[in-house]
Structures are given as C-alpha cells and as structure tokens.
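Position 201 of the sequence shown, counting from 1, maps to 200 under numbering that gives the first Met the number 0, and the rest follow consecutively.
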Amino acid sequence: MKRLFTALGLLIVPCILSAQECRNFYYLLNNAEIEMTIYDAKGEPSAKQLYKIDQVQEEEGGRTSDFTSTMLDKKGKVVTTGKGKFKCNGDNIYVDMQMSMPNMTQMKNMKMEAKSSNAYLGYPSGMQTGQTLPDGAFEMEGNSNGMNMQMSFKVSNRQVVGKEMVTSPAGSWDCFKITYDGDFSMKVLGIGAPMHITATEWFAPGFGVVKTESYGKNEKLAGSTLITGVKK
C-alpha cells in the first residue's frame with residue numbers, strides 16, 4: 000500500500016519555451032535513461048523506477064518520444080513494466096498519465112488498455128508561482144485470469160506554490176514546487192474502494208520532476224521519490 004501511494008506521485012515532465020527547445024528536453028532525447036528511487040514512509044528505499052526513451056519522432060510543430068518504464072524491487076527483480084509517450088508542441092509538454100498510475104504486482108501479467116485517448120497531463124511554458132495547472136484524468140480496463148479490472152486516476156487542484164532548490168545523487172536543480180490532489184480507484188469484478196492522496200512535486204524546467212512526496216490520511220507522509228541517476 001505504501002508503494003502504491005508513492006507511485007502515485009510519479010508525475011514527470013517540464014515546460015519548454017519553443018518548438019526548437021523541444022529537442023533539448025531530457026525526456027525527448029534518444030536513449031536517455033532516468034532512475035527514480037522510491038522510498039517508504041520511513042524514508043527507506045523500497046523500489047526503483049527506471050525510464051528509458053526508446054524512440055523520438057519529429058512532428059509538425061513539435062516532437063514526441065516513446066518510453067519504457069520498469070519497476071524493480073529492493074533486490075533488483077522486475078516487478079512490472081509499461082510503455083508510454085511524451086509530447087511537446089512548443090507551448091506545452093504533455094506526459095502520458097500511465098506514468099502516474101500505480102505500479103502493482105497484480106498488473107504484471109495483465110493486458111490493460113486505456114479507455115480515453117486524451118490521457119495526458121499538460122505543463123505550459125512560462126510557469127510561474129501562483130499559477131493553476133490543468134487537471135488530468137485517466138482510465139484503464141483489462142482482464143486477468145478471467146477477472147475484469149477497471150482503474151481510474153484523477154489529478155486535480157494543481158498549484159504552483161513556490162520555488163526551491165533540490166539536490167540528489169544525480170545533481171542539483173532549481174525547481175518549481177507544485178501541489179495537487181490525486182484520486183485513485185481500482186475495481187475487480189466491480190468491487191473496490193477509492194483512495195485519496197495529496198502530493199507535492201519539485202519540478203525542474205528543462206528536465207522534469209526530481210522529487211515527490213505523497214500524503215495519505217491525516218496528512219501523514221506515505222512515501223516519496225527522488226531522481227538518483229541520469230544517463231544520455
């Protein structure tokens with residue numbers, strides 16, 4: 000459950016000022032690799048999330064990239080994998096919301112399909128403190144061992160509340176501090192329960208989110224993430 004809350008905080012992607020600068024964004028570079036360490040509520044490492052950019056395409060007015068994500072447990076064993084996409088049109092960067100969905104063991108061998116093609120979180124250029132960012136919503140459904148499964152995730156109330164410096168083993172960044180609400184629901188055979196979190200992310204323009212914190216009931220820290228490795 001702690002890992003689930005932490006993974007909800009995985010919302011990566013920054014703002015770019017022009018179509019030309021789309022080429023310089025880290026998640027739009029061929030073969031770029033990002034390592035994010037996931038920590039439990041006590042600050043102990045519990046897993047790693049690896050992102051690798053597989054292919055980059057030039058499109059009219061922008062650039063897109065396809066990525067593979069892999070979650071590893073404490074011992075380095077693969078827990079689950081997935082694929083997604085980044086998009087940049089010069090005015091906004093968009094991230095596939097599959098990146099922000101929880102990575103759970105029961106999904107490892109399950110084929111899931113998105114119900115909506117408009118499942119991206121947008122980050123506008125010219126971000127400023129006090130700005131409200133667009134909401135996002137995502138739904139998936141699938142089947143595993145004859146059981147139907149539905150999942151939904153909504154991100155709302157995204158507020159840019161300030162700027163802070165973040166230092167990690169991978170480097171130091173001047174970041175925007177963004178808070179948001181997250182509502183997640185997972186149903187198996189129509190039975191399930193919703194969950195609500197509040198979260199904070201530290202977002203570095205030109206790179207992406209380098210740190211997150213997620214909070215559950217009574218605003219208690221449920222987990223966090225931190226960029227711990229980058230490779231071009």
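Just so you know, even glycine gets a beta-carbon here, dropped at the ideal spot from N, CA and C.
- Message: Please return the same chain residues whose Cβ sits closer than 6 Å to the Cβ of Tyr-50, not counting the five positions on each side in sequence.
- Response: Counting from 1 along the sequence shown, the entry for residue 50 is found at position 51. If we look at Tyr-50 and ignore the five residues flanking it on each side, its Cβ neighbours are Ile-33, Phe-66 and Ser-68.
- Could you tell me whether the segment 173-189 touches the segment 219-227, using the rule of 3 or more Cβ pairs below 8 Å? They do not touch, by the three-pair rule.
- Taking only the alpha-carbon atoms, compute the straight-line gap between Leu-27 and Phe-85 and give it to the nearest angstrom. Sequence index remark: in the sequence shown, residue 27 carries index 28 (1-based). Sequence index remark: in the sequence shown, residue 85 carries index 86 (1-based). Cα atoms of Leu-27 and Phe-85: separation of roughly 7 Å, rounded to the nearest angstrom.
- In three-state terms, what does DSSP make of Leu-132? As a working mapping, residue 132 is identified with position 133 in the sequence shown. Reduced to three states, the DSSP call for Leu-132 is strand.
- Query: Whose C-beta lies closer than 8 Å to the C-beta of Gly-77 among residues of the same chain, with five residues either side of it excluded?
  - Reply: Indexing the sequence shown from 1 puts residue 77 at position 78. The amino acid at residue 77 is misidentified as Gly; the sequence shows Val. The residues are Thr-69, Met-70 and Leu-71.
- Out of curiosity, what's the CA-to-CA distance linking Val-55 and Gly-161? By one-based count along the sequence shown, residue 55 stands at place 56. By one-based count along the sequence shown, residue 161 stands at place 162. Put simply, the backbone Cα of Val-55 is about 32 Å away from that of Gly-161.
- Message: Looking at the secondary structure, which residues open and close the beta strand (DSSP E) in which Phe-152 lies?
- Response: Here residue 152 refers to the residue found at position 153 when the sequence shown is read from its first residue. 146-167 is the span of the beta strand (DSSP E), which, as asked, contains Phe-152.
- Could you please give the first and the last residue of the uninterrupted beta strand (DSSP E) stretch that includes Ala-203? Residue mapping note: residue 203 aligns to position 204 of the sequence shown, counting from 1. 190-203 is the span of the beta strand (DSSP E), which, as asked, contains Ala-203.
- Query: In three-state terms, what does DSSP make of Lys-41?
  - Reply: If you number the sequence shown from 1, residue 41 lands on position 42. Lys-41: coil per DSSP, three-state reduction.
- Message: So, for Thr-178: in the same chain, excluding its five sequence neighbours on each side, which residues have a beta-carbon less than 6 Å away from its beta-carbon?
- Response: Position 179 of the sequence shown holds residue 178. Result list for Thr-178: Gln-158, Val-160 and Thr-199, in chain order.
- Please report how far the alpha carbon of Gly-205 lies from the alpha carbon of Gln-48, in whole angstroms. Numbered from its first residue, the sequence shown carries residue 205 at position 206. Numbered from its first residue, the sequence shown carries residue 48 at position 49. For Gly-205 and Gln-48, the distance between alpha carbons rounds to 20 Å.
- Message: Tell me the DSSP secondary structure of Met-96 in three-state form.
- Response: Your numbering for residue 96 matches position 97 in the sequence shown. In the three-state reduction of the DSSP assignment, Met-96 falls in the helix class, which pools H, G and I.
- In this structure, does DSSP put Glu-59 in helix, strand or coil? Taking the first residue of the sequence shown as 1, we reach residue 59 at position 60. In the structure shown, Glu-59 adopts coil according to DSSP, grouped into three states.
- Item | Reduced DSSP secondary structure (H/G/I, E/B, other) of Met-106 | As a working mapping, residue 106 is identified with position 107 in the sequence shown. With a pLDDT of 44 at Met-106, under the threshold of 50, the modelled position of this residue cannot be trusted; read the value that follows with caution. In the three-state reduction of the DSSP assignment, Met-106 falls in the helix class.
- Item | Neighbour-count burial assignment, Gly-42, 16 or more Cβ in a 10 Å radius | As a working note, residue 42 is residue 43 in the sequence shown. The residue in question, Gly-42, is exposed, as its Cβ has fewer than 16 Cβ neighbours within 10 Å.
- Message: Between the alpha carbons of Ala-203 and Thr-211, how many angstroms are there, rounded?
- Response: As a working note, residue 203 is residue 204 in the sequence shown. As a working note, residue 211 is residue 212 in the sequence shown. Taken atom to atom, the span from the alpha-carbon of Ala-203 to that of Thr-211 is near 12 Å.
- Item | Boundaries of the beta strand (DSSP E) in which Ala-221 is found, first to last residue | Counting from one through the sequence shown, the residue named residue 221 turns up at place 222. Going by DSSP, Ala-221 is part of the beta strand (DSSP E) stretching over 220-230.
- For Ala-113, I'd like the list of residues in its chain whose CB is within less than 6 Å of its CB, leaving aside the five on either flank, ordered along the chain. Numbered from its first residue, the sequence shown carries residue 113 at position 114. Low confidence applies to Ala-113: its pLDDT is 45, below 50, so where it sits in the model is not reliable, and the reading given next is rough at best. The answer, listed in chain order, is Met-139.
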